Amino acid sequence: MTAKDITWDRQNQFHLLEVVAQWEGRVTTEHLQRAFGINSRTTASHILKDYLKDVPGNLKHSVSYRGYVPNADFRPRYSRGELGEYLSLMTRHNTLNPSFAGLKDLPAPTESLSLPHRAVSTDVVRQVVQATQARSRLEVVYRSLSTPEGEDRIIAPHTLVYSGLRWHVRAWCEKHRNFRDFVLTRMNPGAELIGEALTDADPSQDYNWQNHIVLRLAPNSGLTAAQQRMVALDYGMGNDHELKVPVRCALAHYLMQSLNIFWSSEKCEPREQPLVVINREEVEPFVFGGSAPRP
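Going by full-length UniProt numbering, the first residue of the sequence shown is number 1, and it counts up by one from there.
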């Protein structure tokens, strides 16, 4: 059977099975039921069995994991095997619609910029996801600019984050005894779960994650009046030429990076940075190099 012989709905369901199995290391009928609104477990079981017939040997049943796990020679057929698919799936799984039958219209000509691909180890992601779900401690070898050869760290991850440029995990760091961001591509494969996370690692105690700040943005005053009006139109600002963007405190710096906002703005020409932050004193503690710590 080829992909063309399978309905669009079923391809989406097979896609979910592959993505979850690859990046979480386990998939069950419950994943199908929650994502696609399937009430009957029997129906979900039939879908899983159809996948096993269509791609034999990709998944195997595991009693200890109480579900299906990828075989050592797992090869995705209905997905690309990219981490971005997992992010997309987790973002929209509550709104997946199994009644969608296919594209009715040809797409308009479009093009998107492809940034350099940062290969993230499947093994690393699985261990991080499992530690996150189990609220477990994770022993990793982590590389940074200060320790490029790597050093042992014990972390308790709570959330995977895609900043628009790279993947990181928000986690409690036992070495520094605070919550930090750990870039996934800087972790060596072979991380180990080593028991329940410490009380201090409770995500509810991560102030910078649990709390939000509003970035107040405006056109750079170094631009001409006409240029400032143009920037205001670009970003949908009102007559006050101000844009208010709520963001988690821990993600404020990444948001500014994506908007091409340099904190030391005096070093930049206004045209290089058309947007500036108005409430700098309020935001400064959460900028890298400020009071917000980095690993």
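By construction, the Cβ of each residue, glycine as well, lies at the ideal position given by its N, Cα and C atoms.
All figures in this text were calculated on a predicted structure; none of them were measured in a lab.
For residue i, which residues of its own chain have a beta-carbon under 6 Å away from its beta-carbon, when the five flanking residues on both sides are left out?
i	result
Val140	Arg153, Met187, Ala191
Ile278	Arg216, Ala218
Met237	Leu243
His15	Tyr78, Ser79
Glu174	Ile154
Pro76	Glu18
Taking the C-alpha atoms as reference points, what is the distance between residue i and residue j?
i	j	result
Gly25	Ser121	13 Å
Val125	Leu87	12 Å
Thr7	Thr159	34 Å
Lys63	Pro56	In the sequence as presented, Lys is not what sits at residue 63; that position holds Val. One C-alpha to the other measures close to 19 Å.
Phe286	Gly150	26 Å
residue 302	Val183	Limits of the chain in this structure are 1 at one end and 295 at the other, which puts residue 302 out of reach.
Leu275	Arg66	51 Å
Asn97	Tyr51	With a pLDDT of only 30 at Asn97, under the threshold of 50, the placement of this residue in the model should not be trusted, and no figure is reported.
Asp234	Ala226	12 Å
Thr132	Gln273	37 Å
Leu89	Arg34	12 Å
Gln22	Leu223	49 Å
Asn208	Glu281	16 Å
Asp181	Val245	22 Å
Asp200	Trp172	8 Å
Val129	Glu269	42 Å
Gln210	Asn71	38 Å
Per DSSP, what kind of secondary structure is residue i in: helix, strand or coil?
i	result
Gly84	helix
Ser64	coil
Ile213	strand
His241	coil
Glu272	coil
Arg229	helix
Asp200	helix
Leu223	coil
Ala35	helix
Phe288	coil
Leu165	coil
Leu48	helix
Which residue or residues does DSSP assign as beta-bridge partners of residue i?
i	result
Ile155	Leu138, Cys173
His15	Beta-bridge pairing links His15 to no other residue.
Val128	Answer by DSSP bridge pairing: none, since Val128 is not bridged.
Arg248	His212
Glu192	Glu139
Asp181	Arg170
Pro70	Leu59
Met90	None; Met90 has no bridge partner.
Leu259	None; Leu259 has no bridge partner.
Leu160	Val169
Phe119	The amino acid occupying residue 119 in the given sequence is Ala; Phe does not appear at that position. For Ala119, which the question treats as bridged, DSSP gives no partner whatsoever.
Within a Cβ cutoff of 7 Å, which residues of the same chain sit near residue i, ignoring the five residues on either side of it in sequence?
i	result
residue 332	No answer is possible for residue 332: the residues shown for the chain start at 1 and end at 295.
His241	Ala218, Pro219, Gln228, Ala232
Arg118	Arg166, Thr185
Thr95	The predicted position of Thr95 is uncertain, since its pLDDT is 38 and thus under 50; a value taken from the coordinates is nonetheless stated next. Here the set comprises nothing.
Val283	Ile213, Leu215, Ala252, Val277
Lys53	none
With a CB to CB cut of under 8 Å and the five nearest residues on each side skipped, what residues in its chain are close to residue i?
i	result
Pro189	Ser121, Asp123, Val124
Leu32	Gln13, Leu16, Leu17, Ile38, Ala44, Ile47, Leu48
Any heavy atom of the ligand GTP closer than 7 Å to the Cβ of residue i?
i	result
Asn279	Among the components of this structure there are no ligands whatsoever, and the ligand GTP is therefore not found.
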